[in-house]
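Scroll down for the structure; my scribbles are underneath it.
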Amino acid sequence: MAELSIDQSFLERLERLTLHWQKSFPGLVGGHNASRYSGSGQEFLDHRQFHQGDDLRAVNWRVYMRLERLILKLFQVEPRVPVRILFDVSDSMTTGEPSKFDYARKLAGAMTYVGLVRLESVLLQPFSDQLLDPLQCGGGRHRFRPCIDFLEGIKSAGKTDFMGCVKRFIAEYPQRGLVIVISDFLDDQGCEKPLQYLADFGHEVFLVHLWADEDRVPPYKGEIEIEDAETGEVQKLNFDAEAQEAYTANFDAYARGVREVAQRKGGKYAGVTTSTPVEQAVFGPLLGGGR
Amino acid sequence: MFFLNLGLGEFLAIWGAVSGAVLALYLLDRSRRKIRVATMRFWTPSEKPPEAKHRKRIQQPWSMLLQLIAIGLLLAALAQLRLGSPDRMSRDHVLVLDSSAWMGARVGQMTLLDQAKREAILWVRSLPAGDRVMLVRADALPSPTTMFANNRQATEQALLETRVGGSAVNLKATIDFARQMQRQHGSGLGEIVLAGAFRGHANDLPSEKELPANVRLLPVKADTRNVGIRKVTLRRSPADAQLWEVFVAVKNYSAQVEAVPLAVTFGSAPVGSARFTLAPGAEESARIEFRTKAAGYLEARLVTRDGIIEDNAATLELPEQKLVRVMVYTRDPALIRPLLAANRWLTASYALPETYKTDVDAEIVVLDRFNPPVKPTRRSIWIAPPVQGSPIAMLSPAKNVKLTGWRNDHSMAAGLRSLDLKLDETSVFAPSAGVSVVAESEVGAVVVASKDAAYLGFHPGSGAMRLELTAPLLMANTLEWLAPEVMRRREVTGESVGNVQIPLERGTDPGSIRVLGAGDVAVPFSVVDGTLQFYAGERGMARVQIGSKEQVYSLSLPDVAETVWDVPAKVRRGIPRGLTDSIASRDIWQWLAMAGGLLLLVEWLWFGRTRLPAVQQGSTSMVEIFRRFTAPFRKAS
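In order, the protein sequence lines correspond to chains A and B. Just remember that the numbering used here sits 2 ahead of the position in the first sequence, which is counted from 1. Just remember that the numbering used here sits 962 ahead of the position in the second sequence, which is counted from 1.
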């Protein structure tokens, strides 16, 4: 079990952040504005006369003792937009130095902590060619330990199948909300369509695109033999500066495509290289993209 | 040319291993590398065909050759390749200059020490500039004069300032000291160079087995003739206090028979002479007597001109002959006169008790059977004092008393043991504070002593006591106890400096021995096998006190050793030739390191610069660029 090192000072800095979304989701109050509707919240809102059929638990019995009138206490409704973090655990995430897999787990842990501090309901959902066992967490920062244990217990395996995973995700979680996807988005079948499908369904999508430096600029020259980390396919080729430039151009074009998919429906995109420290990434590209 | 740190075989083996490793890494670098990637999506092969068809062939042999040569040069620098012969690398030598008394011997216009200095300076000048020299002056003790240094001027100056000492050389200790110095301070083991005659006492000369292999001798011409005084002893005759006996021992150090006259003078006046005819190596002594009471200087001189002048004469200081004056107040001087006349260290005067004076001009006052009205101011002997008017407490006199014991811890009773004495008549003293009992009888103490007076209850010269040996011994002990300084027996000896050995009488208590040097400073000594030994490094006086006996040593004679060192055949001799002409070995590792670095620079400028990878969009780390730039097995293609 690989240990996730998130130090206390980083967590203290994370407490100043919130997870923001822009959309209004059906059935829920949108954004982070306080609702004027009464409901099952915890913040006191107002009093009103009791009507038949009201919940007797909401009656203010102290007032009844004094006035012999049934008065109800009304509470402010709190937005309960579900936050779901999908992070890629396929074999392609294990390449590069430092490993994208470890980086993704740390990033997911940091975002979960931010959500927990703001009393959000956060779902940690690992995936590769299928959705793996998730962890639903909420209730404050003191519930963060199980999240860490969960993240440390995850192992990388399998190919990436975005389409299958998105279909299954939509089927399992019909309630719309904020969906954060942490991945290298390297799916041989392409990831644009499934991501578009996810956004079209009504989720607000935040794509965190991870890559190692050698994923973008391979530092190799001459005759090399490359092996696909997910499929095991081997290819021999001659790689020179021109081929390297072409490679980087292809990669950048692909990253732009992923960004467009995210932004097309009001989502967000952040590209992060694993050579950037996680703390720096959170308060850099992620903070800029997440606002 | 030689390696300081490695052998040639070791160097070649390491160079071969490193070169093989570099070649293997080069070929490994040439081989196709396997890389695990996240996706094959973005990879496109180069449109150019691959250049290297034969990966196991070196594409740029000059690049590889330059790298291998550079590695060889750097390795040679690490192994400290040196120019010259290994024998000529910088070494540390110990130069031992014999400064013993024998080196003062003259041969023509020069002393042996002058010859040794000349040889030593020539040897020092013959050394390569890098060699370091420590100068040690050797006589009875080795004395380091300079530390290991290659300052030739300072070494030569120290050589020239060396003077002849008074003792014989202890070559064994000197060589041990030189070896120890080389082990402790020396980096490269050099030679132990002995400059001098090295004539010493037989026990102080090393045998062939005790000599290290790196000894070199710079000999001097030592066939000089010399006859010298070995020892002069001066003592008073036991029979006559004013008669001095002089014993002079003379030794012939030459290889031929020598005839030398000896003249003895006291206060410049001749008091005796002798003539010696000495075979080679022979030692003889002469006895001369003369009479004097006065103090003065006695000189014994050999009338000859030989190699060493210092041992031709010895001067001793005679102390003044002081006699103890004893004033005896008695009505019957005939009884006590034989007892005092037996002691030659005193002069006795006799007077009647009526003429008693308290401040009489004498060191000791004897009061025979009367008590004066006032105690004498001098030290006194009271013989059978009457009870009335006695200065100490007394009991009634007794007759026919048997002596029962002597208190031998008191000096007055030293050596007295006779117990069968019968005293016809005696006074008996009562014990009191400040009074020590010396002899006891059946009725009490009969001989006692206070601070400055002795009380005898009986007359040692009357009755049955006059026939006993105890009587003069008791009187002599009493006089010696009252005037120890004057009564001390003295001998004056002229000796050579160095280790002084004095045979002790059997049963001598080591606690009673004191050895005093100049200014009465205590000199450390040891008693080994009945012989007192102490060391005097410089000329001067030493006094040895053993009980009541004092021996004065005038250590003015040089300690001329009698044994010529038989130099073993394995010892190298003379100044080695051609040292200054030969090139001393010197370090060239700096040049090798620079040449290696230069070759690597040339190789990089020629082949490597074009292979420096470009920094691409900030995504390639500088560490990676540096790693590839400095990799010793860069691809030559």
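Note that CB positions come from ideal geometry on N, CA and C, so glycine has one too.
- The DSSP-derived three-state label of tyrosine 1215(B) is coil.
- In this model, alanine 257(A) and serine 94(A) are separated by some 16 Å (Cα to Cα).
- A residue is called buried when at least 16 other Cβ atoms come within 10 angstroms of its Cβ; proline 128(A) meets this threshold and is buried.
- Taking C-beta separations shorter than 8 Å and ignoring five residues to either side along the sequence, the partners of lysine 1384(B) in its chain run Asn1362, Val1363, Lys1364, Leu1365, Ala1426, following chain order.
- Between lysine 1255(B) and glutamine 1204(B), the CB-CB gap stays under 7 Å.
- When the Cα atoms are used, tryptophan 1566(B) and leucine 1560(B) turn out to be separated by approximately 10 Å.
- Classified as buried, arginine 1053(B) has 16 or more neighbouring CB atoms from the shown chains inside 10 Å of its CB.
- As for any beta strand (DSSP E) of minimum length 3 sitting wholly inside the segment 1426 to 1513 of chain B, the runs are 1451 to 1458, 1460 to 1465, 1475 to 1478, 1487 to 1490, 1493 to 1498, 1502 to 1508, ordered along the chain.
- DSSP, read as helix, strand or coil, puts aspartate 1273(B) in helix.
- Arginine 1125(B) and leucine 1074(B) have their C-alpha atoms roughly 11 Å apart.
- Under a criterion of Cβ atoms nearer than 8 Å, the residues of chain A adjacent to isoleucine 997(B) are, in order, Pro220, Tyr222, Ile226, Glu227, Ile228, Glu229.
- If you ignore the 5 residues before and after aspartate 163(A), its C-beta comes within less than 6 Å of the C-beta of Asp131, all in its own chain and listed in chain order.
- Contact between methionine 165(A) and proline 196(A) holds: their C-beta atoms lie close to 5 Å from each other, under 8 Å.
- For alanine 986(B), no Cβ of chain A is located within less than 7 Å of the residue's own Cβ.
- Across the set Arg1287(B), Leu985(B), Ala1063(B), Arg1197(B), the C-alpha of Ala1063(B) shows the shortest separation from the C-alpha of leucine 1519(B).
- Neighbourhood of aspartate 217(A) in chain B, by CB distance below 9 Å: Val999, Ala1000, Thr1001, Phe1004, in chain order.
- Within the segment 56 to 86 of chain A, the alpha helix (DSSP H) runs of at least 4 residues that lie entirely inside it are, in chain order, 63 to 69.
- Between the segment 1306 to 1325 of chain B and the segment 1288 to 1298 of chain B there are three or more C-beta pairs closer than 8 Å, enough to call the two in contact.
- Contact annotation for serine 1008(B) against chain A: Asn240, Phe241, Asp242, Glu244, Ala245 [CB-CB distance below 7 Å, chain order].
- Taken through DSSP and simplified to helix, strand or coil, alanine 1407(B) comes out as strand.
- Assignment of phenylalanine 1228(B) by DSSP, reduced to helix, strand and coil, places it in the strand class.
- Between lysine 267(A) and valine 207(A) the beta-carbon gap is near 7 Å, inside 8 Å, which marks them as a contact.
- Listed along the chain, the chain B residues whose CB falls inside 7 Å of the CB of alanine 248(A) are Thr1006.
- DSSP places histidine 1147(B) outside any beta strand (DSSP E); the residue lies instead in the alpha helix (DSSP H), whose first and last residues are 1133 to 1147.
- Residue nearest to tyrosine 115(A) within the set Ala214(A), Pro176(A), Pro148(A) is Pro148(A) (criterion: CA-CA distance).
- In the DSSP annotation of this structure, isoleucine 1031(B) is not part of any beta strand (DSSP E); the continuous alpha helix (DSSP H) holding it starts and ends at 1023 to 1040.
- Against chain B, the CB of leucine 137(A) has no partner CB under 7 Å away; the residue lies outside that interface.
- Using a CB distance cut-off of 7 Å, threonine 278(A) does not count as an interface residue toward chain B.
- Apart from sequence neighbours up to five positions away, the residues of its chain that approach leucine 1173(B) with a beta-carbon distance below 8 Å are Ile1137, Pro1530, Lys1532, Val1533, ordered along the chain.
- In the DSSP assignment, asparagine 240(A) forms a beta bridge with Glu225(A).
- Not a single C-beta of chain B is nearer than 7 Å to the C-beta of serine 130(A).
- Between leucine 188(A) and chain B, the shortest Cβ-Cβ separation is below 7 Å.
- Check the Cα spacing between glutamate 1457(B) and each of Pro1486(B), Val1210(B), Arg1287(B), Pro1434(B): the tightest is with Val1210(B).
- In the three-state scheme derived from DSSP, where H, G and I count as helix and E and B as strand, proline 1359(B) is classed as strand.
- When DSSP reads this structure, glutamine 127(A) sits in a beta bridge with Leu88(A).
- Taking a contact as a CB-CB distance under 8 Å, the pair valine 1405(B) and alanine 1376(B) does not count as one, their CB atoms being some 24 Å apart.
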